[in-house]
Structures are given as C-alpha cells and as structure tokens.
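Trainee: Numbering-wise (my numbering), the sequence shown opens with residue 6 and increments by one.
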Amino acid sequence: MKAIQRYTYYLQNYPLSTRMISAGVTASVGDFLCQALFIKYQLQEEFCFQRTWKFFIIGSLNFAPALHIWFSKILPRIVPQTDSIGILKRVVAHALLFMPFMNVTFFPFANFLDGKSFEQSIADMKQKCIPALLFSWKLWPLVQLINFTFVPPMYHVLFTNFIQIFFNGYLSYLHNSYNKIHHIKNDRHEIESLNENLENLNLR
6 MKAIQRYTYY
16 LQNYPLSTRM
26 ISAGVTASVG
36 DFLCQALFIK
46 YQLQEEFCFQ
56 RTWKFFIIGS
66 LNFAPALHIW
76 FSKILPRIVP
86 QTDSIGILKR
96 VVAHALLFMP
106 FMNVTFFPFA
116 NFLDGKSFEQ
126 SIADMKQKCI
136 PALLFSWKLW
146 PLVQLINFTF
156 VPPMYHVLFT
166 NFIQIFFNGY
176 LSYLHNSYNK
186 IHHIKNDRHE
196 IESLNENLEN
206 LNLR
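1) Looking only at its own chain, which residues have a Cβ that is under 8 Å from the Cβ of Val34, when we skip the five neighbours before and after it?
2) To the nearest angstrom, report how far apart Ile74 and Phe54 are at their CA atoms.
3) Go through its chain and collect everything with a Cβ distance to Phe164's Cβ below 7 Å, but skip five positions before and after it.
4) Mind checking which residues open and close the alpha helix (DSSP H) that includes Trp142?
5) Taking the Cβ atom as the reference point for each residue, do Phe142 and Met107 lie within a distance shorter than 8 Å?
6) Looking at the unbroken alpha helix (DSSP H) that takes in His161, where does it start and where does it end?
7) Helix, strand or coil, according to DSSP, for Gly120 in the structure here?
8) Near Val148, what residues of its chain come up, given a Cβ to Cβ distance below 6 Å and the 5 sequence neighbours on each side ignored?
9) Taking 8 Å as the cut-off, does the segment 59 to 67 touch the segment 110 to 122 (at least 3 CB pairs, one atom from each stretch)?
10) I'd like the span of the alpha helix (DSSP H) that includes Lys7, first residue to last.
11) In whole angstroms, give me the CA-to-CA distance for Lys210 and Tyr178.
12) Please report the straight-line C-alpha distance between Leu38 and Phe111, rounded to a whole angstrom.
13) Please classify Cys53: does DSSP put it in a helix, a strand, or coil?
14) Which first and last residues belong to the alpha helix (DSSP H) in which Ser89 is found?
15) From Ser89, Gln10, Lys78, pick the residue whose C-alpha is nearest to that of Thr154; which is it?
16) Starting from the Cα of Ser182, find the closest Cα among Gln40, Ile135, Pro20, Asn18 and give me that residue.
17) Using the three-state DSSP reduction, which class does Met25 fall into: helix, strand or coil?
18) If I'm right that Leu42 touches Met159 with Cβ under 8 Å, what's the distance once you round it to whole angstroms?
19) With 16 as the cutoff for other CB atoms within 10 Å, does Val97 come out buried or exposed?
20) Taking only the alpha-carbon atoms, compute the straight-line gap between Ile186 and Tyr14 and give it to the nearest angstrom.
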C-alpha cells in the first residue's frame, strides 16, 4: 500500500520521469522473459545483458514519452467524451493512430541503438512492421477497452506498461531473433532439399 502511495506521489509531482522509469523497467523485463524462453528451448546460447539494457532505454526514451503525451495531451483532445461511446472512440483512435506510430518509431530507434545503417533500418521496417502491427491489433483493443473503462486516467500509462511486458517480449523476439530463427528454418529446408536430391541421385 505504501508503495502505491509513493508511486502516486511521484506520478503526481514528476509524471514524465516516473513513467520513463516504469516503462524502462517493464520493457527490460519483457526482453528478459524473451531471452529466458529462448535459452530454455536452446534457441539462444547465453543471456545478453546489453540487449536488456537497450530495451530499458527504448522503454524510457521511446515508449514512455509517447504514451505520456498520447494519454495526457492528444487523446483527450481528439476524443473528449468519457461515456461509453467515447471509450469506444478512444479504443479505435489508439488502434488506428497510436499503434502504427509506435511500431514505425520502435524499429528505427532499436536499430539506431544497435548501430545499424539507415538502409538496414528501412529494410528491417519493411520486414517487421506489418507483423508487429497485426499483433498489436490483436492485443491492444481489448486491453485499452479495459484501461479506459476501469482504470483511473492517472494510471493509464502504468496499466499499459504492465501489459506491455508481454508485448515487449514479442518485440524483443521480432527485433533480435526473428531473422535468426527464420535463417535456421531456411537452412534446415535447404539441407532437407539437398538430402532429397542426393537420395534421388543414388536411386538413379
């Protein structure tokens, strides 16, 4: 209870910095869980703390400011209503305006931290933005319906951050491991095709 009171105090007095810290923590937890699963299923050899630290930076400097401005400034102006119709409009606005924006900004920011070139970042976005957006539309409308209906406005960002732990795990997979997993699958497919060709030659 004291922890909630203390968090509320900091949220009221230092809203942006408090949200930056909480978003950084939840983003890094999402990456940690993603890496733990990959290590468990032998898809990754060892834990990369630098990668988790980068997700803390992404959460703090990318997710948090965007969520703070969206929930406190932009969304109330776009949809000032707070009744049932207003809640549905906010859910739609969040899905159609905010989620595409976040997906478009996430990959360039993450690639910048990785030291990738502009061309590499563009190619990465073309490959991954659509899957990320489709997954967002499966998850966030229901989450934000609950958020706008039951959660006080002050805690909208915090509630989003907690649910985003799981979404961050998906983003971590998509950004760091997607190409590796698909390369493994492609390599296996090539090996299987090569074996089939060799067997056909032997039969002849």
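Backbone N, C-alpha and C define an ideal beta-carbon position, used for all residues, glycine too.
Mentor: Taking the structure as given:
1) As a working mapping, residue 34 is identified with position 29 in the sequence shown. So the qualifying residues of the chain are Ile170, Asn173.
2) Reading the sequence shown from its first residue, position 69 is the one you call residue 74. Reading the sequence shown from its first residue, position 49 is the one you call residue 54. One C-alpha to the other measures close to 30 Å.
3) Looking up residue 164 in the sequence shown gives position 159. Taken in chain order, the residues that qualify are Asn152, Val156.
4) The count along the sequence shown starts at 1 and reaches residue 142 at position 137. Looking at the DSSP string, the run of the alpha helix (DSSP H) that includes Trp142 is 123 to 155.
5) Residue 142 sits at position 137 when you count from the first residue of the sequence shown. Residue 107 sits at position 102 when you count from the first residue of the sequence shown. First, the amino acid is wrong: residue 142 is Trp here, not Phe. Result no, Cβ atoms of Trp142 and Met107 do not sit closer than 8 Å.
6) If you number the sequence shown from 1, residue 161 lands on position 156. Counting along the chain, the alpha helix (DSSP H) containing His161 begins and ends at 161 to 177.
7) Counting from 1 along the sequence shown, the entry for residue 120 is found at position 115. In the structure shown, Gly120 sits in coil (DSSP, three-state: anything other than H, G, I, E or B).
8) If you number the sequence shown from 1, residue 148 lands on position 143. Result list for Val148: Ile168, in chain order.
9) yes
10) Within the sequence shown, numbered from 1, the residue matching residue 7 stands at position 2. Its alpha helix (DSSP H) spans residues 7 to 18.
11) Nothing about residue 210 can be read from this structure; the chain reaches only from 6 to 209.
12) As a first step, residue 38 must be located in the sequence shown, where it is residue number 33. As a first step, residue 111 must be located in the sequence shown, where it is residue number 106. Roughly 19 Å between the two C-alpha positions.
13) Start at 1 with the first residue of the sequence shown, and residue 53 comes out as number 48. Coil at Cys53, not helix or strand.
14) Here residue 89 refers to the residue found at position 84 when the sequence shown is read from its first residue. That run of the alpha helix (DSSP H) goes 89 to 98.
15) Here the question's residue 154 lines up with position 149 in the sequence shown. For the residues Ser89, Gln10, Lys78, the minimum Cα distance to Thr154 belongs to Ser89.
16) Locating residue 182 in the sequence shown gives position 177, counting from the first residue. With distances taken between Cα atoms, Ser182 lies closest to Gln40.
17) Residue 25 sits at position 20 when you count from the first residue of the sequence shown. Three-state DSSP puts Met25 in a helix.
18) Taking the first residue of the sequence shown as position 1, residue 42 is located at position 37. Taking the first residue of the sequence shown as position 1, residue 159 is located at position 154. Contact doesn't hold; Cβ gap of about 33 Å is too wide.
19) Within the sequence shown, the letter at position 92 stands for residue 97. With fewer than 16 Cβ atoms within 10 Å of its Cβ, Val97 is classed as exposed.
20) On the sequence shown, position 181 is the one that residue 186 refers to. On the sequence shown, position 9 is the one that residue 14 refers to. Note on Ile186: pLDDT 49, under 50, position unreliable in the model; no value is reported.
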